[in-house]
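K.L.:
Heads up: the protein sequence lines correspond to chains A and B, in order.
Heads up: the first sequence begins at 8 in the working numbering, then just goes up one per residue.
Heads up: the second sequence begins at 12 in the working numbering, then just goes up one per residue.
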Amino acid sequence: MTAVTSTGSGAKSLPLILARELAANLSTAMFLLDATGTLVYFNDAAELIIGKPFSELGEISAAEFGEVLHLADPDGAALRRRDSPAGVAFLERRPAHRVLLVTGYDGERRLVEATAYPLFGAAEEMHGVVSVFWQLATPESTE
Amino acid sequence: MQARVWGCRGSLATPGADTVRYGGNTSCVEVRLESGDLLILDAGTGIRPLGASMDGESFEELHIFLTHLHLDHLQGLGFFRPLFRPGAKVHLWGPASPVQSLADRIAIYLSPPLFPVRLADIPADITFHDAPEHGVTIGSATVRAANVAHQGPTVGYRIEEHGKTLAYLPDHEPSLGVELSDQPPSWISGHEVAHDADVLLHDAQYGDDEYPSHVGWGHSSIEHVMGFANKADVGMTVLFHHDPYHSDDELEALLVEARRQCDTVGDDVCLAHEGMTISLDRDGIRFG
């Protein structure tokens, strides 16, 4: 009896599949990163923040993600991706929450509240990150 | 490899005049590898007659792969006679948990008052393993597990030997919350287990008219299993985990419906029945 080291399959893990099914049935914006940091899914509600549908963009690698969403603090100072809730959840493997400004493909800045948390499987392996966004108000209305 | 179905009933053992053709024992499938190794898929009540059939048979070790720990997949374990051979080497595989070991979870059932013998008092030498998500080679075969959509931690198993593949997904609801036909294969629960399998044993608990009142119960309708099999591009689909309320006649009506839904690929679907044998070897696939 010997262990085999590779599954040889690109299939998504069940926690990701179930998270995607949940996201697809919510009106709350939700993003899903896999264990490599690739944005593998966002739901219809998240299209309003990104400015393009997932069917048009497809999966986006971590390196390309900066082109999709520009992040800033509520005062407008640029925010490093690693300091965003999703960045913290992915790199530090803990839940995170903060208010931030996001700018998507449509050039519109939106003030959102974001929560992200890592997905750990039954064997405590990390499958990815769920990130949920609530739009608070337009930046103009907060001034 | 050669597989033999010892139990294909779902949820609860269902003896009686209405179930004699397909059987009333719950899930258990014996798989004999070309190397001589013995794999057993699930330990439902079907494992009791399997164990009885092994009286007088010597073995170095055997492997029992549990898909999950619902009672219909575990209840026969305490009646599997090879476990009562002192020193018999038995490997028991099952879904991982971050909370309790597989042994501790099984011991909940194998202990008083639910069962008179404690797991720790069983004479066989049992080794417990998490289901092999990265695969394990046993004799001439490779066994891989993947978590699948059901109620609670559950895996499906894929057994490959000499280019032939048997996939086993007895409890599975891949359609929960989604339209299967719209999904990319990599996003379908269980696809990793079943893709391109020569034979797929799959949950077929409900008729299409019954499923709407059982959404989220962890099982498939005929439409779902046929849609899943089509996406996975399997050779032969074997309808498994028959609902305890389905008589033999009702199962045959479900088979007619399944064949109607897969008419583009012919009669590549059948009903599992106790005693069914499936040979997968260099000469092809044969059912008996």
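For every residue, glycine included, the Cβ atom is placed at its ideal position computed from N, Cα and C.
Using a Cβ-Cβ cut-off of less than 9 Å, list which residues of the stretch 13–41 of chain A approach chain B; keep chain order.
P.N.:
Cβ contacts with chain B: Ser13, Thr14, Gly15, Ser16, Gly17, Ala18, Lys19, Ser20, Leu21, Pro22, Leu23, Ile24, Leu25, Arg27, Glu28, Leu29, Ala31, Asn32.
K.L.:
Which chain A residues are close to Ser197(B), counting only those with a beta carbon under 8 Å from its beta carbon?
P.N.:
Within 8 Å Cβ-Cβ: Gly17, Ala18, Lys19.
K.L.:
Using Cβ-Cβ distances below 8 Å, what residues of the stretch 131–157 of chain B are close to chain A?
P.N.:
Within the stretch 131–157 of chain B, the qualifying residues are Asp141, Pro143, Glu144, His145, Gly146, Val147, Thr148, Ile149, Thr153, Arg155, Ala157.
K.L.:
Measuring only the C-alpha atoms, how far is Ser224(B) from Leu266(B)?
P.N.:
Cα to Cα, Ser224(B) sits roughly 21 Å from Leu266(B).
K.L.:
Measure the CB-CB distance between Gln37(A) and Val137(A) and report whether it falls below 8 Å.
P.N.:
Per the sequence shown, residue 37(A) should be read as Met rather than Gln. Result yes, Cβ atoms of Met37(A) and Val137(A) sit closer than 8 Å.
K.L.:
Three-state secondary structure (DSSP) at Glu74(A)?
P.N.:
Helix, per DSSP.
K.L.:
Taking 8 Å as the threshold (beta carbon to beta carbon), is Thr9(A) in contact with chain B?
P.N.:
So, interface residue.
K.L.:
So, for Pro125(A): in the same chain, excluding its five sequence neighbours on each side, which residues have a beta-carbon less than 6 Å away from its beta-carbon?
P.N.:
Around Pro125(A): Ala96, Arg100, Met133, Val136.
K.L.:
Which chain A residues are close to His202(B), counting only those with a beta carbon under 8 Å from its beta carbon?
P.N.:
Here the neighbours are Ala18.
K.L.:
List, in chain order, every chain A residue whose beta-carbon is nearer than 7 Å to that of Thr187(B).
P.N.:
The identity of residue 187(B) in the sequence shown is Leu, whereas the question assumes Thr. Result: Glu28.
K.L.:
Quick one: Cα of Ala178(B) to Cα of Tyr168(B), how far?
P.N.:
About 6 Å.
K.L.:
On the three-pair Cβ rule with 8 Å, is the stretch 177–194 of chain B touching the stretch 110–128 of chain B?
P.N.:
As far as the Cβ criterion goes, the stretch 177–194 of chain B does not touch the stretch 110–128 of chain B, which means the pair count is below three.
K.L.:
Three Cβ pairs or more, each shorter than 8 Å: is that satisfied between the stretch 41–48 of chain A and the stretch 65–78 of chain A?
P.N.:
As far as the Cβ criterion goes, the stretch 41–48 of chain A touches the stretch 65–78 of chain A, which means the pair count is three or higher.
K.L.:
Please report the residue range of the alpha helix (DSSP H) in which Lys242(B) lies.
P.N.:
Run containing Lys242(B): 233–243, per the alpha helix (DSSP H) assignment.
K.L.:
Along the stretch 93–118 of chain B, what residues have a CB closer than 7 Å to any CB found in chain E?
P.N.:
Among the protein chains of the structure shown, namely A and B, there is no chain E.
K.L.:
In or out: Thr149(A) buried (at least 16 other Cβ within 10 Å) or exposed?
P.N.:
Here Thr149(A) scores only 46 on pLDDT, less than 50, and its place in the model should not be relied on; the value that follows carries that caveat. By the neighbour-count rule (16 or more Cβ atoms within 10 Å), Thr149(A) is not buried but exposed.
K.L.:
List the endpoints of the continuous beta strand (DSSP E) containing Glu28(A).
P.N.:
Careful: Glu28(A) lies outside any beta strand (DSSP E), inside the alpha helix (DSSP H) at 21–31.
K.L.:
Hey, is the stretch 251–262 of chain B in contact with the stretch 27–43 of chain B, meaning 3+ C-beta pairs nearer than 8 Å?
P.N.:
Yes: at least three Cβ pairs fall under 8 Å.
K.L.:
For Met8(A), which residues does DSSP report across the bridge?
P.N.:
Per DSSP, none; premise fails for Met8(A).
K.L.:
Spell out whether any CB of chain B is found under 8 Å from the CB atom of Glu131(A).
P.N.:
Output row for Glu131(A): interface = yes.
K.L.:
When we look at the beta-carbon of Asn158(B) and count the other beta-carbons within 10 Å, is it buried (16 or more) or exposed?
P.N.:
With 16 or more other Cβ atoms within 10 Å, it is buried.
K.L.:
In the DSSP output, what is Met247(B) paired with across the bridge?
P.N.:
Answer is Val210(B), bridged to Met247(B).
K.L.:
Taking Cβ to Cβ, would you say Gly229(B) is nearer than 8 Å to Gln162(B)?
P.N.:
Cβ distance < 8 Å, so Gly229(B) and Gln162(B) count as in contact.
K.L.:
Do you know offhand how far Arg293(B)'s Cα is from Val16(B)'s?
P.N.:
Cα to Cα, the separation comes out at about 21 Å.
K.L.:
Among Ile233(B), Asn241(B), Pro60(B), Thr176(B), which has the Cα closest to the Cα of Glu263(B)?
P.N.:
Nearest option by C-alpha distance: Ile233(B).
K.L.:
Kindly list the residues whose CB is nearer than 7 Å to the CB of Glu301(B), restricted to its own chain and excluding five residues on each side of it in sequence; keep chain order.
P.N.:
In the structure as shown, chain B starts at 12 and stops at 299, and residue 301(B) therefore has no counterpart that could be examined.
K.L.:
Per DSSP, what kind of secondary structure is Phe49(A) in: helix, strand or coil?
P.N.:
Here Phe49(A) sits in strand by DSSP.
K.L.:
In the DSSP output, which residue or residues are listed as bridge partners for Trp158(B)?
P.N.:
Just to set this straight, residue 158(B) is Asn in the shown sequence, not Trp. Val166(B).
K.L.:
Mind checking the stretch 157–169 of chain B against chain A and listing, in chain order, the residues whose C-beta falls within less than 8 Å of any C-beta there?
P.N.:
Within the stretch 157–169 of chain B, the qualifying residues are Ala157, Asn158, Val159, Ala160, Pro164.
K.L.:
Identify the continuous beta strand (DSSP E) that holds Ala144(A) and give its terminal residues.
P.N.:
Looking at the DSSP string, the run of the beta strand (DSSP E) that includes Ala144(A) is 133–144.
K.L.:
Can the beta-carbon of Asp214(B) be found closer than 8 Å to that of Pro164(B)?
P.N.:
Not in contact: Asp214(B) and Pro164(B) (Cβ atoms no closer than 8 Å).
K.L.:
Less than 8 Å separating the beta-carbons of Val210(B) and Ile296(B)?
P.N.:
Yes, these two residues count as a Cβ contact at 8 Å.
K.L.:
Compute the Euclidean distance between the alpha carbons of Ser151(B) and Gly286(B), then round it to the nearest angstrom.
P.N.:
Going from the Cα of Ser151(B) to the Cα of Gly286(B) covers about 24 Å.
K.L.:
Give me the residue from His145(B), Gly89(B), Val166(B) with the minimum Cα distance to His183(B).
P.N.:
Minimum Cα distance to His183(B) is reached at Val166(B).
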